[in-house]
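Peer 1: Numbering (this note's numbering), first residue to last: -12 to 208.
All C-beta atoms, glycine included, are put in the ideal place defined by N, C-alpha and C.
1. Ignoring anything shorter than 3 residues, give me the beta strand (DSSP E) runs that lie fully in the segment 93 to 181, in order along the chain.
2. Excluding sequence positions up to five away, which residues of its chain have a Cβ less than 6 Å from the Cβ of residue 99?
3. List the whole-angstrom C-beta distance separating residue 171 from residue 101, where the pair is believed to meet the contact cut-off of C-beta under 8 Å.
4. Does the segment 18 to 38 come within contact of the segment -6 to 9, defined as at least 3 CB pairs closer than 8 Å?
5. Excluding the five sequence neighbours on either side, which residues of its own chain have a C-beta within less than 6 Å of the C-beta of residue 95, listed in chain order?
6. Look at the alpha carbon of residue -10 and the alpha carbon of residue 8, and state the distance between them as a whole number of angstroms.
7. Do residue 24 and residue 163 count as a contact pair if the criterion is CB distance below 9 Å?
8. Is the separation between the beta-carbon of residue 113 and that of residue 142 shorter than 9 Å?
9. Of the residues 183, 175, 155, 177, which one's Cα is nearest the Cα of residue 62?
10. Looking only at its own chain, which residues have a Cβ that is under 8 Å from the Cβ of residue 109, when we skip the five neighbours before and after it?
11. Compare the Cα-Cα distances from residue 161 to each of 92, 49, 53, 89 and report the closest residue.
12. In its own chain, which residues sit with a C-beta less than 8 Å from the C-beta of residue 152, not counting the 5 before and 5 after it?
13. Could you compute how far the alpha carbon of residue 4 sits from the alpha carbon of residue 11?
14. Thinking C-alpha only, which one of 59, 159, 54, 89 is nearest residue 69?
So this is what it looks like as structure tokens:
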């Protein structure tokens, strides 16, 4: 299964332009806007990645939300309680308009950064990391989502409901690329997790082998 950003999103093409087979989303205006995956999941453990391809400004929110989230708002920032996000500009996590520091101090944001996300839709746990290592509340963690690495969020609102990977922003020119299938991945998902949408090719490797032991990718097999 090949999954991409949703070409039927209301913000396309006036506010968000899709390219690269709908895997790249480039923001066009400064008001709030979000684009989501074209496929949802409601049970199981999944993994996906998002790359920061082009710098266009600050205020980028990367995460997940349920199918009822309005895409003229920002993931995690919206007060409707339907989304959870990492804000790389300052290293914060956002949900329902509230935030707290999470991960390395000051955030992790540079062109080429690969953000990793793992979600357990049965327990409501949601993890994030970057470039092969997972985050804890103050730094990188020595473990992974399959081990002792703490979830960014544990919330019953994440479980047993249709969820979608999504990105949002308030800037012009930022390009965020989705990696929702095994053949596209930069890192191997933790053991027990399935990619959001694909079957793993033979010999796929991770740059951080300690971070891949327990989760499938956010697209299923």
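Peer 2: Straight from the coordinates:
1. Runs of the beta strand (DSSP E) inside the segment 93 to 181: 101 to 107, 112 to 117, 150 to 156, 162 to 166.
2. Counting only Cβ-Cβ distances below 6 Å, and skipping sequence neighbours, we find nothing.
3. Wrong, their Cβ atoms sit about 11 Å apart, outside the cutoff.
4. As far as the Cβ criterion goes, the segment 18 to 38 touches the segment -6 to 9, which means the pair count is three or higher.
5. Take residue 95, set aside five residues on each side of it, and the residues of its chain with a beta-carbon closer than 6 Å to its own are 75, 117, in chain order.
6. One C-alpha to the other measures close to 10 Å.
7. With a cutoff of 9 Å on beta-carbon distance, residue 163 and residue 24 are scored as not near each other.
8. In contact: residue 113 and residue 142 (Cβ atoms closer than 9 Å).
9. Relative to residue 62, the option among 183, 175, 155, 177 whose CA is nearest is 155.
10. Cβ within range, chain order: 30, 31, 32, 146, 147.
11. Selected option, being the one with the closest Cα: 49.
12. For residue 152, where only same-chain residues beyond five positions count, the Cβ hits under 8 Å are 23, 24, 35, 37, 50, 51, 104, 165, 167, 183, 205.
13. When rounded, the distance between both Cα atoms is 8 Å.
14. With distances taken between Cα atoms, residue 69 lies closest to 54.
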